Every structure is written in structure tokens, then in C-alpha cells.
Amino acid sequence: MASYSPLRMHDLDHQPEDGEDDILLAGKHVTSEHRTMDHPSKRPAWAALGLQVIAFICACALYSIASASVSRKREVQGLRQPNQFPGMELLGDPQQKQKAPKVFFPSAIVRVNKALPDRVYPSDSHVMLSDSDSMFFQWHLGRSRFTSCYIDSIVPTVEDGLAANKSYTSSGSITEIQIWNVTTPVEGITSLSWNTRPQRIALMGTVAFLPEKEKIEQLGLEDGWQSQLATRFSCGKEASVVTVEVACDSCRIEFEQLFSIPPLAFDLMEIG
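In the numbering used here, the protein residues as written are 10 to 281.
Structural data, given as C-alpha cells:
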């Protein structure tokens, strides 16, 4: 059974026995060894601090080199410049001539009535042809690679017209619609009366107010018939204004000429 010994109080008069002195000396020796080992433990801390200082100095040096290379003036000659307008090269030169003939919608469509010679009609989309009604059409043309033009009627089939909510009425001799070359007013055409209408110069020819298939069948036209039209004339060499009168004898035609597809119109077309 374990027994406990009372603690000894430190007594200056107490003299340790031989065994106790050995124990105390041994304790002092251990303490001394522990303190002498504290010095090597400080070396890694100093080494880490030194490495940090070296890394800081290297970082400052690299920053100075990089700043100098960025601020140095560079030669841009020979470098490829970015395109600020990608795809514009596909459009070509704005002055480049078109590759296909154009169809021109008139800039003015004006009716005059012989039975009401003083009545002034403004330019609008309503087309009326009869023994007493004539129509004046005007086109503004620019320069073009195509130097021939012609004037003709464009009439859709009944089915195509109804699908686009377009219709017309016609009766009488609709295969001989007259196209007249007339004087062109300097101020242009915005409104006319029978008394102020442009004067006829010469009959250019006649056209048929029919869908193309019926026109070819009834008139016996062949391929390339457009180039044989009597209403063909020179154009495209310079900008010009073309004004014509459309009239008929013993016929009646009425429709709205609108800028939409399919066309139902008297139009001016370019040809090669």
C-alpha cells in the first residue's frame, strides 16, 4: 500500500543528505541543458526573415523592369491594324454600278380630264384611263451601266393580285395603250389640269395591259420581247428626268398603283 511523505519546507538550516543532493544536482543539469537548446531554435526564424527580404527585393526589381518595358515607346509600323468596320469590304465601292437592271417606281402619278379642263388633280396612286382621262408619269433616273430603258405595264395574275389585295377593272381595247413622250416641266410634276398638262412630242409606242403570260400568248411574243418594245429608249448615260403620258382610245382601266409586291403598275425598266 502506497504511503505519502510530508512535504519538506525549505529550511536554510537543513542540510540535504547525500541522495537528495544528487537529485537536486541532476535537476539543475537538466534545466541548464534545456536553456542551452533555445539558441538553435531561433535560427529558422532568422532564415525565413532573410528569405522574405530577398523575395521583396526581387519583386521590386521585376516591377521596375516591367514598368520600363511598358512605358517604352513602341514602333507601330508594320503591325496589323484592326478593322474598325468589319464586313464593309463586302459592300464594295458606293459608286460601284449595280449588277442587275432596276425597275423604277414613278415619282409622280397625275391624272388629267379632258371633260374637266380646269380641274386640278394632285399626284396620287389612283390611275384612271378612259377616252377623256389621261395619266402622266414621271421618273428620276441616275447614271447606270445599263443604257437602255423601256416603259411597260406590269399586271399580276388574278390569283396573285387577290392574294395581295390588289385588283383592277379594264374594258375595251387594252392591248394598245399609248405611251407618249412629252415635255418635262422645269419645276417637276406635283399637280396638273388638262389645261396645264405637258405637251406631247411623239408617240413612243403602245403596250398591252395584260398579265405577262397572256401578253405573250395574245401578242405572239418571243423570248427577249422586252428588247423589241417600241417604248424602248436610251438612258443611263447621265442623270435625267423622264415624263410620259399614258392614254388610250375606246378603253377604260382603273386601279391603285402602290409600291408593293406584286406590282400592278406602269413602270420604267432598265435593260442591258
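Just so you know, even glycine gets a beta-carbon here, dropped at the ideal spot from N, CA and C. Quantities reported herein were computed from a predicted structural model and do not represent experimental measurements.
Label residue i either buried or exposed according to how many other C-beta atoms from any shown protein chain fall within 10 Å of its C-beta, with 16 as the threshold for buried.
| i | result |
| --- | --- |
| Ser-132 | buried |
| Lys-222 | exposed |
| Ser-143 | buried |
| Pro-126 | exposed |
| Ala-158 | Note that residue 158 is Cys in the sequence shown, not Ala. Classification for Cys-158: buried. |
| Ile-270 | exposed |
Just the C-alpha distance for residue i and residue j, rounded to the nearest angstrom, thanks.
| i | j | result |
| --- | --- | --- |
| Thr-156 | Leu-150 | 11 angstroms |
| Pro-272 | Lys-175 | 9 angstroms |
| Phe-268 | Val-112 | 11 angstroms |
| Gln-266 | Gln-227 | 24 angstroms |
| Ile-118 | Asp-232 | 31 angstroms |
| Met-137 | Tyr-130 | 12 angstroms |
| Ala-256 | Val-191 | 12 angstroms |
| Arg-120 | Cys-244 | 25 angstroms |
| Glu-254 | Lys-123 | 14 angstroms |
| Gly-214 | Ala-172 | 32 angstroms |
| Ile-262 | Ser-153 | 33 angstroms |
Residue range of the alpha helix (DSSP H) that residue i falls in?
| i | result |
| --- | --- |
| Gln-147 | Gln-147 -> not in any alpha helix (DSSP H); beta strand (DSSP E) instead, spanning 142-150. |
| Glu-226 | 221-228 |
| Glu-265 | It is not in any alpha helix (DSSP H) - Glu-265 instead sits in the beta strand (DSSP E) that spans 260-265. |
| Leu-171 | 167-172 |
Keeping to the same chain, check which residues put their C-beta closer than 6 angstroms to that of residue i; ignore five residues upstream and five downstream.
| i | result |
| --- | --- |
| Ser-162 | Val-216, Phe-218, Phe-275 |
| Ile-183 | Phe-218, Cys-260 |
| Thr-199 | Ser-132 |
Got a sec? Which residues, its chain only, sit under 8 angstroms from residue i by beta carbon, not counting five neighbours each side?
| i | result |
| --- | --- |
| Ser-134 | Ile-118, Glu-265, Gln-266, Leu-267 |
| Asn-204 | Pro-126, Asp-127 |
Taking 7 angstroms as the limit between beta carbons, can you name the residues of its chain near residue i, skipping five residues before and five after?
| i | result |
| --- | --- |
| Lys-224 | Ala-217, Leu-230 |
Where does the unbroken beta strand (DSSP E) through residue i begin, and where does it stop?
| i | result |
| --- | --- |
| Gln-187 | 186-191 |
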